[in-house]
Amino acid sequence: MAVRGTIHIAVSERINVAQLTELLNQISKTIPHLTGCTTCGLGGIDIHIGPGGDPGPIEAFHKMPGVTGVVIAAQ
Numbered sequence: 337m338a339v340r341g342t343i344h345i346a347v348s349e350r351i352n353v354a355q356l357t358e359l360l361n362q363i364s365k366t367i368p369h370l371t372g373c374t375t376c377g378l379g380g381i382d383i384h385i386g387p388g389g390d391p392g393p394i395e396a397f398h399k400m401p402g403v404t405g406v407v408i409a410a411q
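For the sequence shown, our numbering gives the first residue as 337, with consecutive numbering after it.
This is how it looks when you write it as structure tokens:
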């Protein structure tokens, strides 16, 4: 099964290179066919790794009148 979309992974600001490498190894074992086209990557997924918590833009939506929740889902 091909996976498309974006994976957002929240990590500690103190993550080290060895831990990050292991995280990427586990992702590649868990979700096969991440790359899509081997030439351009089309049809694959993007992996965003950053400090824990919701990114700023999501917080901005929560402050808008009438908004009760925000979900960002993989495609």
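Just so you know, even glycine gets a beta-carbon here, dropped at the ideal spot from N, CA and C.
Note that the coordinates shown come from a computational prediction; the quantities given were computed from them, not determined experimentally.
Residue interval of the beta strand (DSSP E) (run including residue i)
{"i": "residue 375", "result": "First-last for residue 375: undefined, no H or E at that position."}
{"i": "residue 347", "result": "341-347"}
{"i": "residue 386", "result": "381-387"}
First and last residue of the uninterrupted alpha helix (DSSP H) at residue i
{"i": "residue 353", "result": "353-366"}
Contact belief for residue i with residue j at Cβ below 8 angstroms, rounded distance in angstroms
{"i": "residue 385", "j": "residue 342", "result": "11 angstroms between Cβ atoms; not a contact."}
{"i": "residue 363", "j": "residue 394", "result": "That pair is no contact at about 22 angstroms."}
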